[in-house]
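> The structure's right below; bear with me while I get my questions together.
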Amino acid sequence: MKTIRYAFVRSLPIMAGYIVLGLGFGVLLQSKGYGAGWALVMSGLIYAGSMQYVAIDLLAGGASLISAAIMTLMVNARHLFYGISMLERYKETGTAKPYLIFALTDETYSVVCSGGVPEGVDRKKYYFWVSLLNQLYWIAGGVAGALLGSVLPFDTTGIDFSMTALFLVVYCLRGVDLLGPTHGLPELLAGAAVVGLHLWKKNTLLSIAVGTALYMVLVQAVFV
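Here the sequence shown stands for residues -1 to 222, numbered as in this note's numbering.
If you want it as structure tokens, here you go:
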């Protein structure tokens, strides 16, 4: 029980964020005609945060499997590097390892990797409970949002872009050094392209794809 209590305390900040973001996901999913059951299944089997927001557009737009695969790779490629860095940490976690790999989100990664584990707390079980609790928070938010969306009228204008904006701010701009050699210009230009494209085309997939491609060109060929 001490391990579970410690994992719960450590995951509380994530609970606050996941429930709020999950609510937005559930409301938007419901607005596209997909109910709480879809929210439960997607949050249980996909569990990819920003990619779940993008998946709503993929579902509603009838995107091909190739388009879905390319977009998933673009949005979640960072997890390849997260996974590599966790090989040693998850080395002897036994039967829990497949789930720990599946449930490795940005937030879970930060909690698992930050700080030591106090005496009396089983490290391997701690990894499992942090991962499971975080996913349960996300599932609860998504299902609650879908249920709320089915009984209360919501104006979902802008919700689809909210995750794109969060993706930009948290994952792309958090490490920008304005005093560095590039002064953050690649990130700012790519961000401006995403915002402009979304305001013009109202297409989350197109916004993320073009913004990512532009950023890669800028850092690889222009600001070198």
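Using N, Cα and C, we set each Cβ at its ideal position, and we do this for glycine too. Computed from a predicted structure; not experimentally measured.
Please go through the same chain and pick out, in chain order, the residues whose beta-carbon is closer than 7 Å to the beta-carbon of threonine 70, but skip the five residues on each side of it.
Met49
> Check arginine 87 in the structure and name its three-state DSSP category.
coil
> For tryptophan 36, count neighbouring C-beta atoms within 10 Å of its own C-beta (all shown protein chains included) and say buried if the count is 16 or more, exposed if not.
buried
> From what residue to what residue does the alpha helix (DSSP H) around tyrosine 97 run?
If you look at tyrosine 97, you'll find it in the alpha helix (DSSP H) that goes 95 to 100.
> May I ask you to report which of helix, strand or coil DSSP gives leucine 216?
helix
> Would you kindly report the start and end of the unbroken alpha helix (DSSP H) that includes lysine 200?
Lysine 200 -> no alpha helix (DSSP H), and no H or E assigned at all.
> Is proline 184 helix, strand or coil when you go by DSSP?
helix
> Note down, in chain order, each residue of its chain lying with its Cβ closer than 8 Å to the Cβ of threonine 106, except the 5 sequence neighbours on either side.
Ile12, Val128, Ser129, Asn132
> Looking only at C-alpha atoms, which of Val110, Ser62, Leu56 sits nearest to tyrosine 80?
Val110
> Taking only three categories from DSSP, how would you classify proline 116?
coil
> Spell out whether any CB of chain B is found under 8 Å from the CB atom of tyrosine 213.
Looking for chain B here will not work: only one protein chain is present.
> Reducing DSSP to helix, strand and coil, say where proline 11 ends up.
Secondary structure of proline 11 (DSSP, three-state): helix.
> Hey, quick one: how far does the alpha helix (DSSP H) through serine 148 stretch, first residue to last?
121 to 149
> Tell me whether the beta-carbon of serine 41 lies closer than 8 Å to the beta-carbon of isoleucine 137.
yes
> When you compare each of Tyr4, Ile2, Gly47, Tyr32 to leucine 19 by their alpha carbons, which one comes out closest?
Gly47
> If we ignore side chains and look at the alpha-carbon of each, how far apart do alanine 58 and proline 96 end up?
When rounded, the distance between both Cα atoms is 30 Å.
> Using the three-state DSSP reduction, which class does glycine 42 fall into: helix, strand or coil?
helix
> Would methionine 72 and threonine 210 be called neighbours here (beta carbons separated by less than 8 Å)?
yes
> Cβ of lysine 78 within 8 Å of Cβ of isoleucine 54?
A small fix is needed here, since residue 78 is leucine in this sequence, not lysine. Not in contact: leucine 78 and isoleucine 54 (Cβ atoms no closer than 8 Å).
> Provide the residue span of the alpha helix (DSSP H) that contains serine 65, from first to last.
63 to 74
> Using C-beta distances below 6 Å, list every residue in its chain close to alanine 188, excluding the 5 sequence neighbours before and after it, in chain order.
Gly209, Leu212, Tyr213
> What is the residue span of the alpha helix (DSSP H) that leucine 57 lies within?
48 to 59
> Around the C-beta of glutamate 86, are 16 or more other C-beta atoms found within 10 angstroms, so that it is buried, or is it exposed?
exposed
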